[in-house]
Amino acid sequence: MKQEQFAGMRARLMEQLQQGVEWSDEAILERIDQLVSEAARENRLPVSRREEIRRELFYSVRKLDILQELLDDDRVTEIMVNGYQKIFVERNGQKSRWEKSFVSREKLEDVVQQIAGKCNRVINENSPIVDARLENGSRVNAVIYPVALDGPILTIRRFPDHAITMEDLIAKESITREAATFLEHLVKAGYSILIGGGTSSGKTTFLNALSNAIPHEERIITIEDSAELQIQGVENLVRLEAKPANMEGNREITIRDLIRTALRMAPDRIIVGEIRGEEAVDLLQAWNTGHDGSLGTAHANSTKDMISRVETMVLMGMELPLEAVRRQIASGVELLVHLERARDGKRQVAEIAEILGFAEGEVRMHGLYKREKDQLKKTGELAHREKLERCFGENEL
7 MKQEQFAGMR ARLMEQLQQG VEWSDEAILE RIDQLVSEAA RENRLPVSRR
57 EEIRRELFYS VRKLDILQEL LDDDRVTEIM VNGYQKIFVE RNGQKSRWEK
107 SFVSREKLED VVQQIAGKCN RVINENSPIV DARLENGSRV NAVIYPVALD
157 GPILTIRRFP DHAITMEDLI AKESITREAA TFLEHLVKAG YSILIGGGTS
207 SGKTTFLNAL SNAIPHEERI ITIEDSAELQ IQGVENLVRL EAKPANMEGN
257 REITIRDLIR TALRMAPDRI IVGEIRGEEA VDLLQAWNTG HDGSLGTAHA
307 NSTKDMISRV ETMVLMGMEL PLEAVRRQIA SGVELLVHLE RARDGKRQVA
357 EIAEILGFAE GEVRMHGLYK REKDQLKKTG ELAHREKLER CFGENEL
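According to our numbering, the sequence shown is numbered sequentially starting from 7.
Next comes the structure, spelled out in structure tokens:
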């Protein structure tokens, strides 16, 4: 069957769907089956091709068109659409071009609008960039004209269908069992931990895995730009998501707003999906006012760079002496975990460091684990063991 014939079938289907009746999936599939049967008689299509056309027609009107096939593939971690004719896919850490493409620029634009609309987001020439998420939790970034010069750009970060555990990360050699057990003990004991790394280094996945060590009886509040975290087994869980301003006049709800609100919700721990800017001020204040064991992530190139990044973000939100900022960091953050993405695509823990305190105008820290020749090796002992000993007993560790 030629592309023109498929387009004709889709046009006839869309004409019926736009008649003002609420169509169920079953009713749509029934109508598609009629169209496919007619086409099969005219073109002598084999059964396998009929099923393929049936699926493609349904995806084109009810799902995300050709992208649905990739979203249903649990091997896919990233989908990169560079205009309607070029689609790239990441599987097992390796990127490659996909053989399929959208039939037109307009169809890709329809998919972008569909994604934005379902998340109550607006994307147009006046607001050509949008961050959103799909129903399955996948993170989406879309950019259109006039920012994107060669057609709509759509990037989808697809997360695993099941939450990744620390056992999964050990099996993937992202972390050693010794280091994983060490971090899980610190989380349970209530150490505040900041996870850093570059783009696509696995920060959210690692945060999800680490959060499984939080005692299930605690009250947890998660705060994110786009909800991605998959906290497991916690009954007393509150999930908050930031919202941009919209065309109806609803004001923007920022990460800063949500952190301040969370402090009034009696949390045991606050988990921030990603610290990007001035909200670092409020987060540090929260971490310095009795919310031990809180977790967060930030973009950084090393554990040392993480400190500089947090300093910069705090100063974006409040004019404070640098020494005061560093004292806040030294007293609020207790552990730093840095992740990296290797050349072969493997995401792994590169370094774990402890913040010792503030001295001589600097945030002092020392390394606990460091990756050397692709092996994560222990390089130091935890200095501040008080919480650990209170939780497990002095002789238990």
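By construction, the Cβ of each residue, glycine as well, lies at the ideal position given by its N, Cα and C atoms.
Check whether the Cβ of Arg-50 lies closer than 7 Å to any heavy atom of the ligand COA, and answer yes or no. By its list of ligands, the structure shown contains no ligand whatsoever, and the ligand COA lies outside what it can speak to.
Cα-Cα, which of Tyr-375, Gln-120 and Glu-285 is closest to Ser-308? Tyr-375
Determine the burial state of His-372: buried for a count of at least 16 other Cβ atoms within 10 Å of its Cβ, exposed for fewer. exposed
If distances are taken between C-alpha atoms only, which option among Ser-144, Ile-38 and Glu-329 comes closest to Ala-233? Ser-144
Does Leu-200 come out as helix, strand or coil in the three-state DSSP assignment? Note: Leu-200 maps to strand in three-state DSSP.
Where Glu-190 and Asp-79 are concerned, what is the direct C-alpha to C-alpha distance, given to the nearest angstrom? 31 Å
Fully enclosed by the region 42-98, which alpha helix (DSSP H) runs are 4 residues long or longer? 53-68 and 73-77
Of all the options Ala-286, Arg-257, Asn-256 and Ala-251, which has the alpha carbon lying nearest to the alpha carbon of Ile-265? Ala-286
Please state the DSSP three-state secondary structure of Ser-337. helix
What is the rounded straight-line gap between the Cα of Glu-241 and the Cα of Thr-210? 21 Å
Measuring only the C-alpha atoms, how far is Lys-310 from Leu-342? 9 Å
Assigned exposure category for Ile-220 - 16 Cβ within 10 Å defines buried: Looking at its Cβ environment, which holds 16 or more other Cβ atoms inside 10 Å, Ile-220 is buried.
Start-end ranges of the alpha helix (DSSP H) lying completely within the region 120-205, minimum 4 residues: 172-177 and 183-195
Among Asn-132, Cys-125, Asp-31 and Arg-37, which has the Cα closest to the Cα of Val-146? Cys-125
Please state whether DSSP places Thr-303 in a helix, a strand or coil. strand
What residue range does the beta strand (DSSP E) around Ser-102 cover? 100-103
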